[in-house]
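Numbering (the numbering used here), first residue to last: 16 to 757. Where a beta carbon is used, it is the ideal one built from N, C-alpha and C, also for glycine. Note that the coordinates shown come from a computational prediction; the quantities given were computed from them, not determined experimentally.
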C-alpha cells in the first residue's frame, strides 16, 4: 500500500513539473523544434517512471508473499531448533552409551564392555584421555552396583555425580593409570539402614489419619541418604505428636514412582535427587495435593518449611537486646504472659513451639533471643537466665520470672505452658469470663450443682496505681489459697471449693461493664477514658446465685409473640449482688471484708432477681491469624512461588520430544492452507459464475452505499433520452469564415 502511494505521488509530481515547464516555455517565444525536445524528455521520464513502478510492484509482491508465509516459516524454524538443539541437550548420552552397550543392559554385559574398553586403554599411551577413562569408569561402577543400577534405570538417579567434575579437575593432564580407584564410595559398608522404612500398606494407613504427614524417600545404598540419617531422626523427634513421619525406600518401586516427579513423557524422576521430602497436609489423600520440599535438606530448613507451608503456623521472630523492650514487650497486651526463648544456635522455632503460639495466642506471646556470652550478665540481672537454651515466662508486673533451663520436647513444653499460661491475678475478659466463673450466664468453677459463688474484681485503668493494687490482691489471693486446710475463714473455704475467684478488670476498655458495677459519682476515676492525672483502682465483689427452680422447670414452649422471645433473652440466668470495698489497702482488712461478704451471702436468704449485664468487649482480636499466617505465606504461595512453578513446568516441557514433530506438522498444515488460499485468490472466476453474478442484483451492505445508489438513480432519471441533444462541456461555437458569410 505504501509503495502504491509513493508511485502515485511521484507520477503527480512529474506531471506537475512537466506542465509548469511547458507553461514557462510557452510564455516565451520558442521554436517547434525545442517543443518537440521537451516532449521527448517527458516521454523518457514517463518510461523510467513506469520501470520504477514495475520494480516497486515486484518488491511489494515479494513482501506480500513473505508476509503470507511468515507463520509456516516461524513454525518450521521452531521445529528445527527443537530437533537440532533443544532435544539433544535434554537427552544427553547415557552411561550405557558411554560403555557402548544397549539401554538397560545387564550387569554381565556392562562388565564385558568395560573389559574391552580397559584393554584398549592399557594399549593406549596417550595421557590426554584420562577424563574419558573417568567417565567410563564411573559408568562401570554405577551400572555394576545392583541398587545404583535400579535407581538409574527407573528414576534417572546418579550416585555421587560430583565425582566426575572433581576427577576432571584433579586428574587433568595425567595418565589414566594415575586415576585412583574406585571413584564411588559404597554406602553398604558404612552401616545398616536406620530410617525404619515402611511399606505400601503402612503408607495407606498413614494417609487415613487426620494428622498431616511427612514422607522421606531415600535409597539404602546411597551415600547422600546415609549422611542424613541423624538429620531425619531429629526432624522426626520435633514432629512427634504434631504430624506423622515415615520413610520409604526405593525398593518399594510402585510407591516411590507414585511419589516422584513426572516428566511430560510420564517417566518418574526426582528433580533434586535423593533424599526427597514430600508432605501431605491434613485432609490430603493423594499425591495431587502434596507439597514437595525443594531446598537444602537440614533440620532448620525442613521444619520451618513444614510448619509454615503445611501446618500454616505463625513464625516467631527474633529480637535483639535493644529491640526486645520496644518492639515486643511494649506492644503485648497487658493480660498476656510473655514467653521468651534463648537460643544458642539461632535456629528458628520448632513446629511444636509454633503450634503452641497458635494454641495459646489468647494467653501468651512468644519471642526468640540469640544468646551471647557477653550479654550473660545483663540477662541474669533482668530475668535470672544463666545459659541457653532456656525459656522465661514473664507474668504480672513485679512478679518474679519463671525460668526453665535446658532443651524441651513437645510434651514438656506443653506442661510448662499449662502451668504458666495465666497470670497470677488473671484479667477478666470476654474470653476468660466463663473460665473464671465471673459470668452471669450461670457457669461456676465449682460445678453446675453450686448454688452461689463469688468473684472479687479489681477495676482500674492501666497505671502504676493499678499495678500496686494488683500486687496487693496477688498477696491476698496467695494467703487465702495457702491457708491451713482446717481454717474456718469463709474466704479460705470458698477458695478451696472453687467458689471464690480473684481477677482484675481494665476499666478503660471495659467501661460499660465497669460503670454497671461501680455506679457512683467517683466512677470516672476508675472507668472509661483517663480524665485526670491520678487513677483510683476500686475493688468490688459480685455474688452470683443460681435459681434452681427455673432451671428444673420443663422446657417452655415456643414464644407466641416477638416480645416473649425478647423477654426470654433479655436477662441473665444468675442473680447478682454487688458490694464495693471502701476500706484501706491493708491485706488483713481486705481478707476480713471478703470473708464477711461470703459469710453474709451464705447465711442469708436474699431475694432472687434478674438483670442484664453488659457484654465484655473483646480486647484482643486474632493477631496471629491476621498478621502471622497471612504474611508468612507470601513468599511461598505468592507471585514469586507461582512464577517459579511456571518456569519449572516450562523447563520440563521443553524436553518433550513430541514438540518438534508437532511444530513441523503445524508448519506443513499452515503452509498448505496459505498456498491453497492464495491460489484461489489468483484464479479467475468461471463464466457461469460471472453470468450468475451479473444477473443477481447487488444488495447494498451499508447506509453509505444505499445513499450513493439513490443519488445515482436520481441522476439517471434526469438524463435526457438522447445524449446527442446535450452540448458537451468543451464545445464552443465556431465563427463563420468570410467566404461563408458572403
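Using CA atoms only, rank isn't needed, just tell me which of 544, 240, 322 is closest to residue 763. This structure cannot settle anything about residue 763, because the visible part of the chain is limited to 16 through 757.
Going by DSSP, name the residue or residues bridged to residue 454. Answer is 458.
Pick out whichever of 598, 593, 601, 609 has its Cα sitting closest to the Cα of residue 9. Residue 9 cannot be examined here, being either before or after the span of the chain that is shown, 16 to 757.
Is it the case that the region 294 to 303 contacts the region 239 to 253, given that we only count it when at least three CB pairs across the two stretches are under 8 Å? Output reads no: the region 294 to 303 does not touch the region 239 to 253.
Hey, residue 234 and residue 162: beta-carbon distance below 8 Å or not? Cβ distance < 8 Å, so residue 234 and residue 162 count as in contact.
Given residue 214 as reference, the closest of 225, 269, 402 once Cα atoms are compared: Shortest Cα-Cα distance from residue 214 to any of 225, 269, 402 involves 269.
Ignoring anything shorter than 4 residues or poking outside the region 134 to 176, list the alpha helix (DSSP H) runs there in chain order. Look at the region 134 to 176 and you find these whole runs of alpha helix (DSSP H), each 4 residues long or longer: 145 to 159, 161 to 170.
Do you know whose CA, among 476, 517, 617, lies nearest residue 548's CA? The residue from 476, 517, 617 with its alpha-carbon nearest to that of residue 548 is 476.
Have a look at the DSSP bridge pairing and note the partners of residue 419. In the DSSP output, where bridge partners are listed per residue, residue 419 has 406.
Which residue wins for smallest C-alpha separation from residue 389, given the options 359, 166, 522, 325? Comparing alpha-carbon positions, the option among 359, 166, 522, 325 lying closest to residue 389 turns out to be 359.
How is the alpha helix (DSSP H) around residue 485 delimited, first residue to last? If you look at residue 485, you'll find it in the alpha helix (DSSP H) that goes 479 to 496.
Report the rounded CA-to-CA distance for residue 39 versus residue 67, giving the unit in angstroms. Because the pLDDT of residue 39 is 47, which lies under 50, any placement of that residue in the model is unreliable, and the question is left without a value.
How about residue 218 and residue 261: are their beta carbons less than 8 Å apart? In this structure, residue 218 places its C-beta atom within 8 Å of the C-beta atom of residue 261.
So is residue 468 buried or exposed if we call it buried at 16+ other beta carbons inside 10 Å? With 16 or more other Cβ atoms within 10 Å, it is buried.
Ends of the alpha helix (DSSP H) at residue 376? No alpha helix (DSSP H) contains residue 376, which DSSP labels as neither H nor E.
For residue 335, count the other beta carbons within 10 Å of its own beta carbon; 16 or more makes it buried, fewer makes it exposed. Which is it? Counting the other CB atoms within 10 Å of its CB gives residue 335 a total below 16, which places it among the exposed residues.
Under a Cβ-count criterion, where at least 16 other Cβ atoms within 10 Å of its own Cβ denotes burial, should residue 619 be classed as buried or exposed? When all chains shown are included, residue 619 counts as exposed.
Once the 5 residues before and after residue 679 are set aside, which same chain residues still bring their CB inside 6 Å of it? If we look at residue 679 and ignore the five residues flanking it on each side, its Cβ neighbours are 94.
Hey, how far is the Cα of residue 628 from the Cα of residue 531? For residue 628 and residue 531, the distance between alpha carbons rounds to 8 Å.
What's the gap between the Cα of residue 304 and the Cα of residue 227? Those two C-alpha atoms are separated by around 12 Å.
Where residue 311 falls: helix, strand or coil (DSSP): Shown here, residue 311 sits in coil according to DSSP, grouped into three states, outside any helix or strand.
Quick one: what does DSSP say residue 632 is sitting in, helix, strand or coil? Residue 632 sits in coil when the DSSP states are folded into three classes, being neither helix nor strand.
Just checking my contact of residue 451 with residue 518 at CB under 8 Å: how many whole Å lie between their CB atoms? Their Cβ separation, rounded to whole angstroms, is 6 Å, which keeps residue 451 and residue 518 in contact under 8 Å.
Could you pull out every unbroken alpha helix (DSSP H) segment of at least 4 residues lying fully inside the region 498 to 532, listed in chain order? For the region 498 to 532, whole alpha helix (DSSP H) runs of length 4 or above, ordered along the chain, are 505 to 511, 526 to 532.
Residue burial classification, residue 31 (beta-carbon count within 10 angstroms, cutoff 16): Low confidence applies here, because residue 31 scores a pLDDT of 49, under 50, leaving its location unreliable; read the following figure in that light. In summary, residue 31 is exposed, with fewer than 16 beta-carbon neighbours lying within 10 Å of its beta-carbon over all protein chains present.
Return the Cβ separation of residue 103 and residue 682 in integer angstroms, given the expectation that the two are a contact with Cβ distance under 8 Å. The beta-carbon separation of residue 103 and residue 682, rounded to 20 Å, does not stay under the 8 Å limit for a contact.
Closer than 7 Å to a non-hydrogen atom of the ligand NAD - does that hold for the CB of residue 72? As for the ligand NAD, it is missing from this structure, which has no ligand bound.
Within a Cβ cutoff of 7 Å, which residues of the same chain sit near residue 113, ignoring the five residues on either side of it in sequence? Excluding residues within five positions, the ones whose Cβ falls inside 7 Å are 150, 151, 154.
Quick test of the definition: if touching needs 3 or more C-beta pairs under 8 Å, does the region 449 to 463 touch the region 425 to 434? Contact annotation: the region 449 to 463 does not touch the region 425 to 434, with fewer than three C-beta pairs closer than 8 Å.
Residue 71 versus residue 696: straight-line alpha-carbon distance, rounded: Distance between residue 71 and residue 696, taken at the CA atoms: about 21 Å.
So residue 597 is in the alpha helix (DSSP H); what residue range does that whole segment cover? Annotation: residue 597 is outside any alpha helix (DSSP H) and is labelled neither H nor E by DSSP.
Classify residue 285: buried if its beta carbon has 16 or more other beta carbons within 10 angstroms, exposed otherwise. By the Cβ-count criterion, residue 285 is buried, with 16 or more other Cβ atoms from all chains shown falling within 10 Å of its own Cβ.
Could you give the distance in angstroms between the alpha-carbon of residue 259 and the alpha-carbon of residue 370? Cα to Cα, the separation comes out at about 15 Å.
Please report the distance separating the alpha-carbon of residue 560 from that of residue 589. In a straight line, the C-alpha of residue 560 is about 5 Å away from that of residue 589.
The alpha helix (DSSP H) enclosing residue 245, as first and last residue numbers: Per DSSP, residue 245 belongs to the alpha helix (DSSP H) from 244 to 253.
Sort 664, 562, 494, 166 by Cα distance to residue 621 and report the nearest one. Minimum Cα-Cα distance from residue 621 among the listed residues 664, 562, 494, 166 corresponds to 562.
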